[in-house]
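In the order they appear, the protein sequences are chains A, B and C. Under numbering that gives the first Met the number 0, the letters of the first sequence match residues 0 to 285, in that order. Under numbering that gives the first Met the number 0, the letters of the second sequence match residues 0 to 285, in that order. Under numbering that gives the first Met the number 0, the letters of the third sequence match residues 0 to 285, in that order. Note that beta-carbon positions come from the ideal geometry of N, C-alpha and C, so glycine has one too. Here's the structure we're looking at; comments come further down.
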Amino acid sequence: MTDDGYLRIGELSQRTGVAPALLRAWERRYGLLHPGRSDGGFRLYGDGDVDRVRRAQQLIAGGVSAAEAARLVLADADVEDDLDTPLASTPLLDAVRRLDDVGANAALDRLLARFSTDTVITDVLVPALHEIGELWARGELTVGQEHFASAIVRGRLLALGRGWDQGAGASAVLACPPGERHDIPIVMLGLGLRARGWRVTVLGADTPLESIDDAAARVGADAVVVAALMPGVLDDHADALRMLAARRRLVLAGPGASAAQAAEVGARYLEGDPIVAAGALAALVG
Amino acid sequence: MTDDGYLRIGELSQRTGVAPALLRAWERRYGLLHPGRSDGGFRLYGDGDVDRVRRAQQLIAGGVSAAEAARLVLADADVEDDLDTPLASTPLLDAVRRLDDVGANAALDRLLARFSTDTVITDVLVPALHEIGELWARGELTVGQEHFASAIVRGRLLALGRGWDQGAGASAVLACPPGERHDIPIVMLGLGLRARGWRVTVLGADTPLESIDDAAARVGADAVVVAALMPGVLDDHADALRMLAARRRLVLAGPGASAAQAAEVGARYLEGDPIVAAGALAALVG
Amino acid sequence: MTDDGYLRIGELSQRTGVAPALLRAWERRYGLLHPGRSDGGFRLYGDGDVDRVRRAQQLIAGGVSAAEAARLVLADADVEDDLDTPLASTPLLDAVRRLDDVGANAALDRLLARFSTDTVITDVLVPALHEIGELWARGELTVGQEHFASAIVRGRLLALGRGWDQGAGASAVLACPPGERHDIPIVMLGLGLRARGWRVTVLGADTPLESIDDAAARVGADAVVVAALMPGVLDDHADALRMLAARRRLVLAGPGASAAQAAEVGARYLEGDPIVAAGALAALVG
DNA sequence: ATAGGTTTTGTCAAGCTTTTGTACAT
DNA sequence: ATGTACAAAAGCTTGACAAAACCTAT
Chain A
0 MTDDGYLRIG ELSQRTGVAP ALLRAWERRY GLLHPGRSDG GFRLYGDGDV DRVRRAQQLI
60 AGGVSAAEAA RLVLADADVE DDLDTPLAST PLLDAVRRLD DVGANAALDR LLARFSTDTV
120 ITDVLVPALH EIGELWARGE LTVGQEHFAS AIVRGRLLAL GRGWDQGAGA SAVLACPPGE
180 RHDIPIVMLG LGLRARGWRV TVLGADTPLE SIDDAAARVG ADAVVVAALM PGVLDDHADA
240 LRMLAARRRL VLAGPGASAA QAAEVGARYL EGDPIVAAGA LAALVG
Chain B
0 MTDDGYLRIG ELSQRTGVAP ALLRAWERRY GLLHPGRSDG GFRLYGDGDV DRVRRAQQLI
60 AGGVSAAEAA RLVLADADVE DDLDTPLAST PLLDAVRRLD DVGANAALDR LLARFSTDTV
120 ITDVLVPALH EIGELWARGE LTVGQEHFAS AIVRGRLLAL GRGWDQGAGA SAVLACPPGE
180 RHDIPIVMLG LGLRARGWRV TVLGADTPLE SIDDAAARVG ADAVVVAALM PGVLDDHADA
240 LRMLAARRRL VLAGPGASAA QAAEVGARYL EGDPIVAAGA LAALVG
Chain C
0 MTDDGYLRIG ELSQRTGVAP ALLRAWERRY GLLHPGRSDG GFRLYGDGDV DRVRRAQQLI
60 AGGVSAAEAA RLVLADADVE DDLDTPLAST PLLDAVRRLD DVGANAALDR LLARFSTDTV
120 ITDVLVPALH EIGELWARGE LTVGQEHFAS AIVRGRLLAL GRGWDQGAGA SAVLACPPGE
180 RHDIPIVMLG LGLRARGWRV TVLGADTPLE SIDDAAARVG ADAVVVAALM PGVLDDHADA
240 LRMLAARRRL VLAGPGASAA QAAEVGARYL EGDPIVAAGA LAALVG
């Protein structure tokens with residue numbers, strides 16, 4: 000930010016036509032600029048500051064008060080930040096903190112408009128949900144805020160998946176085993192598969208293994224994915240898994256499962272985040 | 000709502016021609032405006048307030064009493080609030096008329112949040128673009144507005160299609176022949192195919208037929224779709240089409256082609272709107 | 000560094016017009032130069048030193064303080080040293096060659112995640128599109144591949160521009176004149192203006208000048224930009240341009256226009272790539 | 001519409017420091 | 001050539017002020 004600060008106040012004044020004293024007043028009163036400083040304390044401005052001052056001037060010329068002009072320019076600067084570091088999860092986290100439904104959806108809108116679903120999931124949502132978990136563990140977020148985040152993210156992801164059971168590609172049935180309540184990862188995995196041309200059926204959280212078998216038969220699944228976040232939830236189901244693996248290509252995923260456990264029941268284990276896992280599964284079957 | 004309040008009463012007065020004292024009176028007596036306040040207590044108005052005052056002025060000029068005018072303006076505002084007209088293209092068209100990018104995208108957001116891509120294309124976008132064409136022909140829309148609409152719709156559709164060449168399904172190459180500049184229908188067709196599990200490569204408008212052949216070879220296409228809106232653009236390319244048809248499953252589509260013409264070069268003809276055509280092609284190959 | 004030292008301070012002073020005492024001061028204070036020494040202790044400068052001094056002079060003439068000028072010259076030298084190329088367009092071009100939509104979008108995702116939109120446009124997209132044009136001219140890319148690249152780039156840029164007509168800044172209407180079909184540059188220009196706080200309305204390629212006038216009135220444009228890539232497309236429109244220029248601040252841009260042509264119709268001409276032009280326009284109006 | 005009080009905002013001054021080109025003595 | 005000195009130009013902070021714009025209440 001102050002990285003490219005190199006204009007002194009006189010030159011900024013020359014370039015914009017705003018008197019030095021006024022520039023200092025705008026800084027002091029409205030925080031319009033945050034120039035770096037030379038060793039001796041002189042203000043050093045960058046090119047972006049020239050833009051900001053010009054924008055403020057335009058607004059003031061248009062009848063807006065100085066204070067409001069500064070506020071608008073600063074708000075715009077947020078938009079710029081968004082343009083410059085679009086993959087940050089901060090806007091989303093802020094909205095979650097405020098329980099701001101509209102803000103959270105707007106943040107997701109911006110992301111999904113700019114980036115592929117794969118990228119948004121891998122680079123924003125997975126880290127964001129992880130961080131939300133940590134904040135909750137440290138007591139910096141309430142359970143309510145965490146639920147709020149989950150609900151919004153799940154809702155948006157499911158909306159993206161609309162119609163994902165249609166088509167002609169390979170078919171996958173995704174589910175969490177009984178006792179596992181975190182279904183967002185399998186929805187992400189489903190989107191990853193969908194992007195790779197698969198047909199996807201998501202059964203959701205806390206699903207009895209017989210139901211999974213039944214659903215797999217019904218849609219003629221080419222693969223069945225059982226994902227577990229929490230360790231141990233699969234422990235009591237070795238027999239059911241073995242049976243499932245005997246009939247379908249069974250895949251375990253998530254940190255609650257392991258390659259060893261998968262091997263034991265005749266399944267494969269997929270490592271990594273949901274998108275990586277989707278890629279691996281597609282490679283496996285394709 | 001008061002989020003965008005930034006005009007002070009003097010500027011609002013300047014922009015509307017209504018004296019500040021009168022603006023305050025309207026606020027006090029009829030609640031016409033609800034400006035925010037600065038820290039020091041100054042009123043801060045937003046763009047919407049300018050509109051309201053202007054509408055009230057028009058009504059008063061038309062002979063309505065001030066109290067009544069305020070009531071009407073406020074009632075009107077209420078109507079604007081509940082825009083529950085799910086599948087109508089009116090909000091989109093209104094936004095296009097106003098060259099309102101945000102409004103148009105918001106309208107599309109609402110549609111896409113509620114309905115499948117197929118539905119939005121068939122029931123909203125195709126009719127809307129058709130109507131835009133008619134309005135343009137009748138001189139009720141300018142070319143600029145039509146371009147504006149095309150750009151937004153094309154942009155959104157392409158965003159929906161991002162990543163559509165990935166996967167394991169059948170592969171299609173879509174293009175418009177030389178001279179044909181309307182590529183939105185093939186993008187729609189591509190989305191229809193994608194929803195049916197296909198891999199899609201769109202070459203776009205105005206593409207030489209040799210390029211199409213080259214691309215088809217490169218991606219190993221199972222089908223090649225050449226779509227023409229304007230009659231006659233395919234007339235000079237019978238030989239090239241014949242050659243293309245000899246190597247790939249060639250399909251012609253759009254009102255600029257015909258079943259007879261297709262038969263003549265050894266291709267199939269797909270009737271109907273892009274989604275119907277996608278369904279037909281999927282049935283044909285699947 | 001000082002391997003070919005052969006200029007004494009008097010000669011360096013002659014060539015640059017900077018007094019010897021000042022050269023010594025710059026060396027002592029800012030470490031701008033590191034001359035070798037003769038046996039007798041005389042400073043011996045090389046060709047690079049002449050450049051450095053000249054660059055410092057230019058910066059100082061441009062209003063930068065001596066200390067900052069020296070810092071910038073030295074930093075510049077550092078940058079020249081490490082030719083990292085994370086900004087290469089090769090992954091994008093490779094993906095285009097393969098008609099690989101996912102690959103191309105992933106390449107753009109990576110770029111946009113790491114660099115500002117301005118940087119990606121100036122340093123990657125403009126050169127990449129230029130190179131694609133050349134490859135096409137040399138027959139190393141087909142028209143289909145070129146269309147494919149355009150569609151992806153245009154789609155991503157438009158996605159970045161979502162909502163760009165919102166805000167409180169100055170407003171610009173951008174369009175290409177009739178016959179000009181390359182609209183990507185104006186979209187880039189629009190993004191450049193957006194990053195500088197402007198509200199942007201893009202009408203697109205091949206737009207009649209009356210439409211532009213109409214749109215400018217509708218959004219209350221502070222500037223109208225008409226951009227032409229191909230020479231001659233503006234030739235038949237001198238009257239219409241003159242009229243436009245009479246009502247709005249009209250700006251011509253692109254290699255298909257010229258300063259002379261602009262002057263003739265009462266418009267300004269903007270040189271350079273779209274981002275440079277955006278900066279110039281912002282400076283003009285601000 | 002007026003009166004009387006408040007807020008906003010551009011400007012200025014005083015007293016002191018930093019920066020920088022040049023000059024002088026060694 | 002070096003080191004020190006110096007003075008003009010440009011900047012910094014604090015505090016204050018006055019005109020313009022706005023407030024409420026009568």
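Enumerate in chain order the residues of its own chain whose CB-to-CB distance from residue i is below 7 Å, with the five nearest sequence positions on each side excluded.
i	result
E145 of chain A	I131 and W135
V201 of chain B	L173, I185, V186 and G189
S149 of chain A	I183
A106 of chain B	P90, L91 and A94
A261 of chain B	L251, R267 and Y268
L157 of chain B	V186
By the three-class DSSP mapping on this structure, what secondary structure does residue i have?
i	result
Y5 of chain B	coil
L43 of chain C	strand
R113 of chain C	helix
V72 of chain C	helix
R36 of chain A	strand
G189 of chain B	helix
E123 of chain A	It should be noted that the sequence gives Val, not Glu, for residue 123 of chain A. Correct three-state label for V123 of chain A: helix.
V264 of chain B	helix
V142 of chain B	helix
V95 of chain B	helix
V286 of chain C	Because residue 286 of chain C is not part of the residues shown, which for chain C are 0 to 285, the question remains open.
V17 of chain A	coil
S88 of chain B	coil
A220 of chain C	coil
S12 of chain C	helix
W25 of chain C	helix
G278 of chain C	helix
Among residues of its own chain, excluding the 5 on either side of residue i, which ones have a beta-carbon nearer than 6 Å to its beta-carbon?
i	result
L32 of chain C	E26 and D48
R248 of chain C	A222
I151 of chain A	A103
D81 of chain B	Confidence in D81 of chain B is poor, its pLDDT being 44 and thus under 50, which makes the residue's placement unreliable; the coordinate value appears in the next sentence. Here the set comprises nothing.
R155 of chain C	L107
What does DSSP give as the partner residues of residue i in its beta bridges?
i	result
S170 of chain C	C:R198
A252 of chain A	A:A226 and A:L269
G203 of chain B	B:A174
V63 of chain C	A:L6
Please work out which residues of its chain come closer than 8 Å, Cβ to Cβ, to residue i, disregarding the five sequence neighbours upstream and downstream, and give them in chain order.
i	result
A194 of chain A	S115, T116, D117 and A277
R96 of chain C	L140 and Q144
A245 of chain A	G265
Query raised in the report: What residues in the segment 34-68 of chain B bring their beta carbon closer than 8 Å to a beta carbon of chain A?
Result: S37, F41 and L43
Requested in this report: Could you say if the segment 226-240 of chain B and the segment 28-44 of chain C meet the contact criterion of at least three C-beta pairs nearer than 8 Å?
Outcome: no
Requested in this report: Could you list the residues in the segment 106-133 of chain A with a C-beta less than 9 Å from some C-beta on chain C, going in chain order?
Outcome: D108, R109, A112, R113, F114, S115, D117, T118 and D122
Query - Validate contact between the segment 205-224 of chain A and the segment 236-252 of chain A using beta carbons, cut 8 Å, 3 pairs - result: yes
Query raised in the report: Hey, is the segment 107-117 of chain A in contact with the segment 83-92 of chain A, meaning 3+ C-beta pairs nearer than 8 Å?
Result: yes
Query - chain C contacts from the segment 203-225 of chain B (Cβ-Cβ distance under 8 Å) - result: G203, A204, D205, T206, P207, E209, S210, I211, D213, A214, R217 and V218
Query raised in the report: If we count Cβ pairs, one from each stretch, closer than 8 Å, do we get three or more for the segment 49-63 of chain A versus the segment 3-20 of chain A?
Result: yes
Query raised in the report: Pairing CB atoms from the segment 97-104 of chain C with CB atoms from the segment 164-171 of chain B, are three or more of them under 8 Å?
Result: yes
Report task. Determine which residues of the segment 13-32 of chain A have a Cβ less than 9 Å from any Cβ of chain B, and write them out in chain order. Result -> none
Query raised in the report: According to a CB-to-CB cut-off of less than 8 Å, which residues of the segment 223-257 of chain B neighbour chain A?
Result: none
**Report entry** Selection of the segment 132-152 of chain B by Cβ proximity to chain C, strictly under 9 Å
**Finding:** T141, V142, G143, Q144, E145, H146, F147, S149, A150 and I151
Query raised in the report: Going along the chain, which residues of the segment 151-172 of chain B sit with their C-beta nearer than 7 Å to a C-beta in chain C?
Result: G154, L157, A158, R161, G162, W163, D164 and Q165
Report task. Return the residues of the segment 171-196 of chain A that lie within a Cβ-Cβ distance of less than 8 Å from chain B, sorted by chain order. Result -> A194, R195 and G196
Query - chain A contacts made by the segment 272-283 of chain C, where a contact means CB separation under 9 Å - result: G278, A281 and A282
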